[in-house]
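Novice: If you want my numbering, it's the position in the sequence shown, counting the first as 1, plus 2.
Ideal Cβ positions, reconstructed from N, Cα and C, are used throughout, including at glycine.
Please see the structure below; I have some questions.
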Amino acid sequence: MRLRRPTRGCASGSSSRSPSAWGAGSSSSPATEQGDAEMDLSGLVPSSEEGSSSPDLGSDFEVMLRKSSKRVARTPPSQGQVAKRPRRRTASRLPARDTSPACSPEPNQLYEAVRSGKTALEVVVDEWLETYKRDRETGFLELANFFIRACGCKGVVTSEMFRKLQNSEIIQQLTKQFAEDSAEYPLALSTQPWRRFREGLCELVATLVRRCQYSVLYDEFLADTLISLLTGLSDSQVRAFRHTSTLTGPRNALVPGSSPAMKLMTALVNVALGVSLHKENNQRQYDAEQGKGPGRRTANRLETLLEQRKQLQEQQEEIENMMNAIFKGVFVHRYRDVVPEIRSICMEEMGKWMQSYSTSFLTDGYLKYIGWTLHDKQRDVRLTCLKALQGLYSSQDTAVRMELFTSRFKARMVSMVLDKEPDVAVEAVKLLTLILQNMEDVLTEEDCQGIYPVVFASHRALATAAGEFLYRKLLDPKGEARQERLQRGETRAFFHLLLAFFIESELHEHATYLVDSLWDCAAALLKDWEAMAVLLLEESSDEGLGDPQESALIQILVASMRQAVEGQPPVGRGPRKKVLSAWERKAQASERVRITQYLIPLLPQLLAKFSADAEKVTLLLAAPRYFDLSLYCTGRLEKHLELLLGQLQEAVEKHSGREVLEAASRALHVLCDPELPFHGRVDYARSRLVDQLTDKFQQELPELLQASFLDEDEVYSMAATLKRISIFHSAHDLTPWKLFEPCHQIMQRAVDTGEIPTQVLIPAMTCLHFYVLWELAHISAGAFMQEHVLELKRKVDALCSLCQSCLTDLDPSVQEQAYVLLSDHLLMFGPQLAQGGREALSSLVLRLDAGLQAQLAGFLMDHVFNHAEPMDADQDDSEGRIEALHQRRRLLAGFCKLVVYNVVELSAASDVFKHYVKCYDDYGDIIKETLNQARQIDRAEWGRTLLLSLKQLLTELLLQHGRGARLSKAFAEIRDLARRFALLFGPHQARNRTVLVALHSLAYLEQSCQAVLSPEQQQEAWTPLLTYRNSLRLHNPARSQAQPRPGSTTKRRHADESSGHSDSSLQLSSRLATPTLTSTVVKGARGMSQPLPEDEDKGSESDFVERHSLMEEEEEVVVIQEQSSEEEEDSQGLVTRSRSNRLRDLFDSSILGLEEL
């Protein structure tokens, strides 16, 4: 039957499904049913509001689908209907040497030109147009075969097929000749030539429409038949046909310009837009001509313009019919395809149509498809929808026309700010920012309240997008240019609004994150250091800042300085840049100079004003870290340096809080840089400050050591002085002041009498700790005498002895401090100290004795794992509980470091490993990392340590519950822990053979049985023990005489035959004899209740190593024949076990011996 031109009014043949259309036979194809039935319809099913406004109203695609409630009858086999997944046929395979999907016995000029890319596509299209004008049937067949070849199909549509066959029969014949066993076709390949082919294919479609838009496009044959071809192929059951005619292959997600049908639609949209512009010009010309007087009109001008308008109207109607055919024949079905990439590209192209030809497409009937697809479960689809909407909302003209859509889907767009995919949430915030800019009063205050907190998110791109929204909504409501506001000095209002938001957010410790979020959009305002300093120096008034505002502004000031100088995101927000470009380093140096110039004169004034406020002083003392300190000399600003040093000393004298003292110590350390010109002046000021502290300490020390009672003022004064000294000792070398002996006396008296207050003892211990570390740094840095090493050894031993004594102190804080100092000293003076050319320091290495190791482990049990919250603890004190948890984690990390660096024996880690499951929420990451590091030290010892952990838990359980232990919850936790440990061995059996053999000890199993079983049960053999013992001993000779089990002859014959061939998966040992391996799931010939001779267990472990080498495959059937030199017998054993089950069974059931308790 010859192909007829489709009826123009019915979707150009594709939607009418006439027998003469290319896609007629595929209206109920399996691919279409799959695309409509198997896809995720959550959020995509049209609601009841899809009524007469739908652009697909009148499309009989839906009518046909509704009418065809029954499955279409199968055609007889003689018709050649192809199954959805046909069998592989040798004839359909590609040649062995050339597997390219483009190979075909009959070349196609268009295909070869696009694939080679050597000829301009305009020239190729012009040559094809000449062929088409001479014989349109021949020209169209060449174009049709080009698309068939682009699908990777070797079939060809001949003239005879074109004239006589139905369209469904043509597609069936093409399907037969398609190599469906190969998943590779041109658009699915990712190599460079096929990427160019993909681009050339879509460019060819666009060029073809552009070249034909004034002539051939309206011949009522080419466009209609081409649309029918692409529609039919898009409904095909062959995946390559669907993807090539509709979209790309599944491995090329979101590739722009890779959709022939969609690109044809886009090209037609551009043509329709051009025709619409011509109509508007024609109308203006007609109105102008008609407005002229009768004497001024050109002859027949109005008639000519009317004729042109009529022609343009006909062209526009024809193009709209073509677009309607593509939309209803391809888009309506494929926008909810099962393949996410197809849905994504449909939404992307629709967004382009709406932007370029908004007159026809920017309607609620088309917008609803994007709104429905916002609920898609696939990330890429939601992302594409948001980007398409961004293009629409970016223009105020188009945004105004989307009021109904906005009101309908606004809730969904706002909720997507909290999308589980961060990049989708970023695009959602950007979309809402565009809505905020171009649509007034659409977003309510409630909607905005859900977006503001996102500025504190850990994802930097999301926080930055939310910062832009916050700036547009609250901080810059008038939309004024930032530079203009700076020129007018209107930063005061900005900072007032920013402070109000920051305080209301109640996240006062996250100013760094807020500044980082606003940096991209409000950096110019945040870098106005002078304006912020002036605001802070203003006296309180009606328009001035209150105390909360001053604290918040100081936080923002310091955070802005850090952001400008370092240029790095805060901790936990995005990766830090490892290498900065030269331009970035230059910009940071410039900002550092600007900060220094503005704040050097103002910083002493700020410190003087807020000297009584510890929190504000702590923040302000961080400012010198961001200064270019050389400007103190080059800018002749030494007087401001003196003022700063004076304020720093005053802060140390006024405050005793740790935060303030640490900030002062760091600031003084920055100013004491030896490379600075004024180093001597700052060093003198530091020495004077330390002299004052040490003099006061020496004066109060005799009274502390001699008096039996001290009042609170004396204790406070001594504690504050020692606290200041200990904090400064951490950053500054105070060894010249010789504080070791006085502090040692304090600690010794505390150990002897216990009369030293805790607030005095702890800083004294800290001073001793840093004194020893500074001495070690001096010895390690340069030449030293042996006397210095011996003196240091004496001090280290004395300190460790005192700390060990303090582990039994009544005060928990003293115990924790002693534990921390001991773990640090054991690590610093560990075995690695004498390595790397430092053998002379070997005498300083601390040797850990068993008593101290036991004390450390006991402390860990009492203060970390057995810690319990007080019954009267405030449930609202979450911050205190978190801080306590962090302290316990630090204590555990200190002990784990000793294990990892081989300071303590690996077996000592059993006290930590046995809490892996029980305390996983609090310490799981630390224990897991310790397990991994310990495994790399010694796998055998590591395995024995895991076994020791399980033995300890089992022993504790038996002591608590006795014989009823198997019914307790703790017993299930032990089994769960054993399974967790088994997973840590990994799938590499070769690495674990020695470890597993060392663990599977019969002596341990028998001990476990004696501990668990009752005396009556011990008289009878325990089945799991006997089964496992049989797997390790030589097989009973009587076993070889037994009759084979029914049904096993075939397996044995198969194994015998396979044993005669060389199998790469079974590397047999070169020994003369291999012991028999009997499966633990097969009972031996010996009765289970019969006791075994003791000598049969000898050598079982070595035999297990030999037999275990055969377990290399996932599932194996192995028969091993052995000739024993002592007994000269033959035996066989069948082993069938998966690798994962073997490992779990061997480590879980057999080790514990608890499977059948």
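Out of 674, 475, 933, state which residue places its alpha-carbon closest to the alpha-carbon of residue 496.
Specialist: The count along the sequence shown starts at 1 and reaches residue 496 at position 494. Among 674, 475, 933, the Cα nearest to that of residue 496 belongs to 475.
Novice: With a cut-off of 8 Å, do at least 3 Cβ pairs link the stretch 933–953 to the stretch 978–991?
Specialist: A contact exists between the stretch 933–953 and the stretch 978–991.
Novice: Taking the straight line between their C-alpha atoms, what separation do you get for residue 145 and residue 212?
Specialist: Along the sequence shown, read from residue 1 onward, the residue named residue 145 stands at position 143. Along the sequence shown, read from residue 1 onward, the residue named residue 212 stands at position 210. Cα to Cα, the separation comes out at about 16 Å.
Novice: Given a cut-off of 8 Å, decide if residue 702 and residue 719 are closer than it, judged by their beta-carbon atoms.
Specialist: For the purposes of this step, residue 719 is taken as residue 717 along the sequence shown, with counting starting at 1. For the purposes of this step, residue 702 is taken as residue 700 along the sequence shown, with counting starting at 1. Contact flag set, yes.
Novice: Which runs of the alpha helix (DSSP H) fall wholly inside the stretch 887–943 and span at least 4 residues, in chain order?
Specialist: For the stretch 887–943, whole alpha helix (DSSP H) runs of length 4 or above, ordered along the chain, are 912–915, 922–939.
Novice: Which one of 389, 769, 707, 732 has the shortest CA to CA distance from residue 759?
Specialist: Counting from one through the sequence shown, the residue named residue 759 turns up at place 757. Here the closest residue by C-alpha is 707.
Novice: Figure out for me which residue from 626, 611, 589 has the closest Cα to the Cα of residue 598.
Specialist: Numbered from 1 along the sequence shown, position 596 holds the residue referred to as residue 598. If we check each option's Cα against that of residue 598, 626 comes out closest.
Novice: Just to confirm the assignment: which complete alpha helix (DSSP H) runs, minimum length 4, are found wholly within the stretch 384–441?
Specialist: Whole alpha helix (DSSP H) segments, 4+ residues: 398–402, 405–417, 424–440.
Novice: Taking the Cβ atom as the reference point for each residue, do residue 414 and residue 388 lie within a distance shorter than 8 Å?
Specialist: The residue you call residue 414 lines up with position 412 of the sequence shown. The residue you call residue 388 lines up with position 386 of the sequence shown. For residue 414 and residue 388, no; Cβs fall outside 8 Å.
Novice: Using CA coordinates, which residue listed in 351, 326, 400 is at the minimum distance from residue 361?
Specialist: Residue mapping note: residue 361 aligns to position 359 of the sequence shown, counting from 1. With distances taken between Cα atoms, residue 361 lies closest to 400.
Novice: What runs of the alpha helix (DSSP H), each 4 residues or longer, lie entirely inside the stretch 662–714?
Specialist: Segments of the alpha helix (DSSP H) lying fully in the stretch 662–714: 681–708.
Novice: Tell me, to the nearest whole angstrom, how far the beta carbon of residue 345 is from that of residue 402; I am working on the premise that it is less than 8 Å.
Specialist: For the purposes of this step, residue 345 is identified with residue 343 of the sequence shown, where counting begins at 1. For the purposes of this step, residue 402 is identified with residue 400 of the sequence shown, where counting begins at 1. Rounded, the Cβ-Cβ distance is 28 Å, inconsistent with contact.
Novice: For residue 271, does the three-state DSSP call read helix, strand or coil?
Specialist: The residue given as residue 271 occupies position 269 in the sequence shown. Helix at residue 271.
Novice: Around the Cβ of residue 330, are there at least 16 other Cβ atoms within 10 angstroms (buried) or fewer (exposed)?
Specialist: Looking up residue 330 in the sequence shown gives position 328. Label assigned to residue 330: buried.
Novice: Indicate whether residue 528 and residue 538 have their beta-carbon atoms separated by less than 8 Å.
Specialist: Taking the first residue of the sequence shown as position 1, residue 528 is located at position 526. Taking the first residue of the sequence shown as position 1, residue 538 is located at position 536. Result no, Cβ atoms of residue 528 and residue 538 do not sit closer than 8 Å.
Novice: Among the candidates 284, 332, 727, whose CA atom is the shortest distance from the CA of residue 303?
Specialist: Translated into positions along the sequence shown, residue 303 becomes position 301. Residue 284 is the option with its Cα nearest to residue 303.
Novice: Hey, residue 560 and residue 631: beta-carbon distance below 8 Å or not?
Specialist: Reading the sequence shown from its first residue, position 558 is the one you call residue 560. Reading the sequence shown from its first residue, position 629 is the one you call residue 631. No; because the gap between Cβ atoms is not below 8 Å, this pair is not in contact.
Novice: Going by the CB atoms, is the gap between residue 515 and residue 467 shorter than 8 Å?
Specialist: Indexing the sequence shown from 1 puts residue 467 at position 465. Indexing the sequence shown from 1 puts residue 515 at position 513. No, the Cβ-Cβ distance between residue 467 and residue 515 is not below 8 Å.
Novice: If you check the beta carbons only, do residue 649 and residue 610 fall under 8 Å apart?
Specialist: As a position in the sequence shown, residue 649 is number 647, starting the count at 1. As a position in the sequence shown, residue 610 is number 608, starting the count at 1. Yes.
Novice: Tell me which residues share the same chain as residue 523 and place their Cβ nearer than 7 Å to its Cβ, disregarding the 5 neighbours each side in the sequence.
Specialist: Along the sequence shown, one-based indexing puts residue 523 at 521. Correct list, in chain order: 469, 470, 473.
Novice: For residue 427, count the other beta carbons within 10 Å of its own beta carbon; 16 or more makes it buried, fewer makes it exposed. Which is it?
Specialist: Your numbering for residue 427 matches position 425 in the sequence shown. Answer is buried; the Cβ neighbour count reaches 16.
Novice: Need the endpoints of the alpha helix (DSSP H) that residue 375 sits in, please.
Specialist: As a working note, residue 375 is residue 373 in the sequence shown. First-last of the alpha helix (DSSP H) with residue 375: 366–375.
Novice: Excluding the five sequence neighbours on either side, which residues of its own chain have a C-beta within less than 7 Å of the C-beta of residue 829, listed in chain order?
Specialist: Translated into the one-based positions of the sequence shown, residue 829 becomes position 827. Contacts found: 899, 900, 903, 905.
Novice: Which residues bound the alpha helix (DSSP H) around residue 531?
Specialist: Start at 1 with the first residue of the sequence shown, and residue 531 comes out as number 529. Taken as a continuous stretch (DSSP letters only), the alpha helix (DSSP H) holding residue 531 covers 531–539.
Novice: Given residue 278, which residues of its chain have a CB within under 8 Å of its CB, disregarding the five upstream and five downstream residues?
Specialist: Along the sequence shown, one-based indexing puts residue 278 at 276. So the list reads 318, 359, 361, once near-sequence residues are dropped.
Novice: Counting only the same chain and skipping the five closest in sequence on each side, list residues whose C-beta sits under 7 Å from that of residue 432.
Specialist: Taking the first residue of the sequence shown as 1, we reach residue 432 at position 430. Excluding sequence neighbours, residue 432 sits near 392, 467.
Novice: In three-state DSSP terms, what is residue 556?
Specialist: Residue mapping note: residue 556 aligns to position 554 of the sequence shown, counting from 1. Three-state result, residue 556: helix.
Novice: Is it buried or exposed for residue 557, if we count other Cβ within 10 angstroms and need 16 for buried?
Specialist: Along the sequence shown, one-based indexing puts residue 557 at 555. Its Cβ being crowded by 16 or more others within 10 Å, residue 557 is buried.
Novice: Could you check whether the stretch 788–808 touches the stretch 818–832, counting it as contact only if at least three pairs of C-beta atoms, one from each stretch, sit closer than 8 Å?
Specialist: Contact holds: three or more Cβ-Cβ distances are below 8 Å.
Novice: Between the C-alpha atoms of residue 448 and residue 416, what's the straight-line distance to the nearest angstrom?
Specialist: Along the sequence shown, one-based indexing puts residue 448 at 446. Along the sequence shown, one-based indexing puts residue 416 at 414. Spanning the two alpha carbons is a distance of roughly 10 Å.
Novice: State buried or exposed for residue 371, treating a residue as buried only when at least 16 other CB atoms are found within 10 Å of its CB.
Specialist: On the sequence shown, position 369 is the one that residue 371 refers to. Classification of residue 371: buried, given that the 10 Å Cβ count is 16 or more.
Novice: Give the secondary structure of residue 625 by DSSP, where H, G and I count as helix, E and B as strand, and everything else as coil.
Specialist: Along the sequence shown, read from residue 1 onward, the residue named residue 625 stands at position 623. It is helical.
Novice: Do residue 663 and residue 594 come within 8 Å of each other at the CB atom, strictly closer than that value?
Specialist: As a first step, residue 594 must be located in the sequence shown, where it is residue number 592. As a first step, residue 663 must be located in the sequence shown, where it is residue number 661. No, Cβ-Cβ distance for residue 594 and residue 663 is not below 8 Å.
Novice: Which residue comes first and which comes last in the alpha helix (DSSP H) that contains residue 576?
Specialist: Taking the first residue of the sequence shown as position 1, residue 576 is located at position 574. That residue, residue 576, is in no alpha helix (DSSP H); it is neither H nor E in DSSP.
Novice: Among residues of its own chain, excluding the 5 on either side of residue 127, which ones have a beta-carbon nearer than 8 Å to its beta-carbon?
Specialist: In the sequence shown, the residue the question calls residue 127 occupies position 125. Here the set comprises 206, 209, 210, 213.
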